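Participant: Dropping the structure in here first, questions after.
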Amino acid sequence: MIVVNTETIPGMQITQVKGIVQGNTVRTKHLGRDLAAGFKNLMGGELRGYTELLIEARRQALERMLSQAEQLGANAVVNVRFSTSAVTQGAAELYAYGTAVVCQPDAAPV
Amino acid sequence: MDPDLLGPLCGLGCPALLLFMGLTVGTTVERRHKRRLSLREEELSGMLVTDLRTFPPDTDASANARLVFGEAVIAADYLKTFLARIRKIFGGEMHSYLSLMERARREAILRMLEQAQEFGYDSVCNVRLETSNIGMAQGRRGAAMVEVSAFGTAYRRSGAAL
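Structure follows, in structure tokens:
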């Protein structure tokens with residue numbers, strides 16, 4: 058599955074557009090991470106727990122989007138966008154959406 | 019010790035200690051981070067990064083493009099929060115938070131580039147930056163953190179030698 062956030066794929070031709078696919082998730086870390094974050098707020102520095110949280114959330118949202126694309130019989134998702142929102146403190150909502158398409162290699166090499 | 023003095027002393031002593039820690043630890047952390055950022059940026063200076071929505075003409079069509087990401091969550095220290103609170107009284111630019119935002123953005127972009135390099139790409143186009151709000155800074159007294167995600171499409175340039 059090819060996933061890009063551009064409208065085209067180099068070397069590929071989009072033959073069929075399947076429509077929008079989406080995936081979202083709301084995730085949180087355990088209490089210990091929140092406490093550690095509170096402490097880190099005194100000293101400065103990176104909050105690794107929350108960085109991990111963002112990575113996990115993105116991966117999960119993407120996975121859900123891709124499984125939808127698979128169900129539609131697409132082999133690529135183009136123009137992928139992400140959107141985040143603040144549901145509650147310590148949680149991350151991530152929403153991924155894109156257009157599922159069927160593509161095939163260009164007949165004439167570019 | 020006179021118990022009447024203990025309360026005010028603790029009340030004054032704790033913030034003073036935290037401010038001191040912010041000044042020492044926080045400033046050191048920030049300085050080191052900025053130095054590391056510059057070094058890594060130097061290493062990755064060969065990569066072409068654009069926010070163009072379409073692929074530049076020299077794109078290598080034989081290599082599949084793919085999405086790459088980078089995330090960074092950076093916390094403010096007590097000193098920064100304190101300075102920001104003072105700034106809020108007078109208004110104007112919050113310099114202490116400005117450097118925080120800059121560090122988070124640079125870190126997120128660097129992580130994205132490192133991921134692209136790991137997969138064997140030499141360019142990233144259509145880079146987008148986004149902020150998130152895990153900490154809900156407005157609702158919490160004194161805590162501030164910056165969450166930045168960067169993402170873009172990694173591709174290979176046809177002219178570039180790998």
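Each protein sequence line maps, in turn, to chains H and S. Just so we're aligned, residue 58 is where the first sequence starts under this note's numbering, counting upward by one. Just so we're aligned, residue 19 is where the second sequence starts under this note's numbering, counting upward by one. Don't be surprised by glycine CBs; every beta carbon is placed ideally from N, CA and C. None of the values given here were measured: they were computed from a predicted structure.
Given a threshold of 16 other Cβ atoms within 10 Å of its Cβ, counted over all protein chains shown, does S/E59 qualify as buried or as exposed?
Facilitator: exposed
Participant: So, for H/K75: in the same chain, excluding its five sequence neighbours on each side, which residues have a beta-carbon less than 8 Å away from its beta-carbon?
Facilitator: A126, L129, G130, A131, T156, A157, V158 and V159
Participant: Between the Cα of S/H51 and those of S/E125, S/M130 and S/E111, spot the shortest distance and give me the residue it belongs to.
Facilitator: Per the Cα distances, S/E125.
Participant: Looking at C-alpha atoms only, which residue of S/T171, S/L147, S/F169 and S/Y139 is the closest neighbour of S/M65?
Facilitator: S/Y139
Participant: Which residues share a DSSP beta bridge with H/T82?
Facilitator: H/L151
Participant: For S/C143, go through chain H and note every residue whose CB falls closer than 7 Å to its CB, in chain order.
Facilitator: T63
Participant: Leaving out the 5 sequence neighbours to the left and right, which residues in its chain are closer than 7 Å to S/L85 when beta-carbon positions are compared?
Facilitator: F169 and T171
Participant: What are the start and end residues of the alpha helix (DSSP H) that includes S/R175?
Facilitator: Under the DSSP assignment, S/R175 falls outside any alpha helix (DSSP H); it carries neither an H nor an E label.
Participant: So that I know if they touch, is there some Cβ in chain H lying closer than 8 Å to that of S/A79?
Facilitator: yes
Participant: Output the boundary residues of the beta strand (DSSP E) element that contains H/N98.
Facilitator: That residue, H/N98, is in no beta strand (DSSP E); its alpha helix (DSSP H) goes L88 to M100.
Participant: Report the residue from S/E165, S/L118, S/V145 and S/L131 whose alpha carbon sits nearest the alpha carbon of S/T256.
Facilitator: In the structure displayed, chain S extends from 19 to 180; residue 256 of chain S sits before or after that span and is not available.
Participant: Would a check of beta-carbon distances place H/V78 closer than 8 Å to chain S?
Facilitator: So no, H/V78 is outside the interface.
Participant: Under 8 Å: do the segment 36-47 of chain S and the segment 107-114 of chain H share three or more Cβ pairs, one atom per stretch?
Facilitator: no
Participant: State the DSSP-derived secondary structure class of S/G110, mapped to helix, strand or coil.
Facilitator: coil
Participant: What does S/L85 touch in chain H if you count any residue whose Cβ is under 7 Å from its own?
Facilitator: Here the neighbours are V60, V61, N62 and V137.
Participant: Suppose you measure from the CA of H/Q117 to the CA of S/R123; what does that come to, to the nearest Å?
Facilitator: 23 Å
Participant: Could you tell me whether the Cβ atoms of S/E148 and H/T141 are closer together than 8 Å?
Facilitator: yes
Participant: Taking the beta carbon of S/E61 as the centre, do at least 16 other beta carbons fall within 10 Å, making it buried, or is it exposed?
Facilitator: Around the Cβ of S/E61, a 10 Å sphere holds fewer than 16 other Cβ atoms; the residue is exposed.
Participant: Nearest to H/H87 by CA position, among H/Q79, H/V134, H/G106 and H/E120, is which residue?
Facilitator: H/G106
Participant: Considering Cα atoms alone, identify which of H/G68, H/R84 and H/E64 is closest to S/I152.
Facilitator: H/R84
Participant: On the three-state DSSP scale, how would you describe S/T149?
Facilitator: In the structure shown, S/T149 adopts extended strand secondary structure according to DSSP, grouped into three states.
Participant: Short check: CB of S/V164 to CB of S/D69, under 8 Å?
Facilitator: Contact: no.
Participant: Could you give the residue range of the beta strand (DSSP E) that holds H/S142?
Facilitator: A133 to S142
Participant: Is the beta carbon of S/A93 less than 8 Å from the beta carbon of H/N81?
Facilitator: no
Participant: Please report the distance separating the alpha-carbon of H/M100 from that of S/Y96.
Facilitator: 6 Å
Participant: Please name the residues in the segment 98-121 of chain H whose beta-carbon is closer than 7 Å to at least one beta-carbon of chain S, in chain order.
Facilitator: N98, L99, M100, G101, G102, E103, L104, Y107, T108, L110, L111, I112 and R115
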